[in-house]
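Right, one structure below, let's go through it.
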């Protein structure tokens, strides 16, 4: 009707922020992780096949250390992208006109652009140097090393149960299930460390949110303010995501891709 006053509704926020970063970097991350584990197994255990729990754990430790070259910047960019909508919401609610843009700030001035991985990476490099992309490196290592120490020995032993005598390999289905089980259990086990890492790598804080000086400070404040249950937030979701991810990765890798990669190191 003429003269009728209408109130503009806030624009819905896309729910796939950070997906492009994951899709781009998850492949090299998993390739480094799996190849590094095989490399260290070959180095530490002669043919890399015999069961030796201590050496398997040590090989997993090496794999976890190698993967953070990709994992840390990937997690940094993903977290900032996923957090951008939350930070933009108060700004949008305080303005009368709707706006589809979001705001991302790494310095003192606001960048009035829809955030992207490229924009965030450039701002971090410009304002903080390479260290900006590797903020939370210690927390990432603290999560990924225990994950690999748990995951790889567990997968190797589960997968070994399905090895055929004639081929010397397990079937794709068996490797897939083994990867799912080992991945989900390892993911749940290191969830407290993942919670700490995410809190530390969240650069932009909302009103009243804590700023952490390190891992111990983050753990202390989380325990006092939110209680022990806060350390297991997202455990179920992590298990649901990581289980099929590692199931597919290990199933494909154990078809023979790993052996072809290792030939280049011989």
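Numbering (the numbering used here), first residue to last: 1 to 266. Beta carbons are placed, not taken as given, at the ideal position from N, Cα and C, and that holds for glycine.
- Residue range 215-226 is occupied by the alpha helix (DSSP H) that includes residue 221.
- Residue environment: residue 79 is assigned as buried (16 or more neighbouring CB atoms within 10 Å of its CB, all protein chains considered).
- Below 8 Å, too few C-beta pairs join the region 163-170 and the region 205-224 to call them touching: fewer than three.
- Excluding residues up to 5 positions away in sequence, 25, 28, 29 and 32 lie with their Cβ nearer than 7 Å to the Cβ of residue 70 in the same chain.
- Looking from the CA of residue 239, the closest CA among 199, 230, 189 and 249 belongs to 189.
- By the neighbour-count definition (other C-beta atoms within 10 Å, threshold 16), residue 154 is a buried residue.
- Remark: C-beta atoms of residue 150 and residue 64 do not approach each other more closely than 7 Å.
- Contact between the region 248-255 and the region 164-182 is present: three or more C-beta pairs spanning the two stretches fall below 8 Å.
- For a cut-off of 8 Å, the C-beta gap from residue 132 to residue 72 is around 11 Å, too long to register as a contact.
- Exposed is the label assigned to residue 225, since fewer than 16 other Cβ atoms lie within 10 Å of its Cβ.
- Measuring C-alpha to C-alpha distances from residue 249 to each of 227, 216, 176 and 199 identifies 176 as the nearest.
- With respect to residue 139, residue 181 sits apart: the two C-beta atoms are not nearer than 7 Å.
- Put simply, of 186, 120, 76 and 231 the residue whose alpha carbon is nearest the alpha carbon of residue 241 is 186.
- Following the DSSP letters along the chain, one finds residue 155 inside the alpha helix (DSSP H) bounded by residues 137-160.
- Looking at the backbone, the Cα of residue 203 and that of residue 235 are separated by about 22 Å.
- The straight-line gap separating the alpha-carbon atoms of residue 179 and residue 243 is approximately 7 Å.
- Secondary structure at residue 190: coil, using DSSP grouped into helix, strand and coil.
- DSSP places residue 236 in the uninterrupted alpha helix (DSSP H) bounded by 235-252.
- Between residue 193 and residue 142 a beta carbon distance of about 5 Å is seen, short of the 8 Å cut, so the two are scored as contacting.
- Contact between residue 45 and residue 57 fails: their C-beta atoms lie close to 12 Å from each other, not under 8 Å.
- Residue 196 and residue 183 have their C-alpha atoms roughly 20 Å apart.
- The three-state secondary structure of residue 163, taken from DSSP, is strand.
- Around the CB of residue 213, fewer than 16 other CB atoms lie within 10 Å, so the residue is classed as exposed.
- Here residue 229 is exposed: its Cβ has fewer than 16 other Cβ atoms, across all protein chains shown, within 10 Å.
- Cβ neighbours of residue 147 within its own chain (closer than 6 Å, five residues either side excluded): 186 and 190.
- Put simply, the backbone Cα of residue 130 is about 41 Å away from that of residue 174.
- Spanning the alpha carbons of residue 81 and residue 116 requires a straight line of approximately 7 Å.
- Comparing C-alpha distances from residue 247 to each of 156, 209 and 36 shows the shortest one belongs to 156.
- Going by beta carbons, residue 152 and residue 37 fall inside the 7 Å limit.
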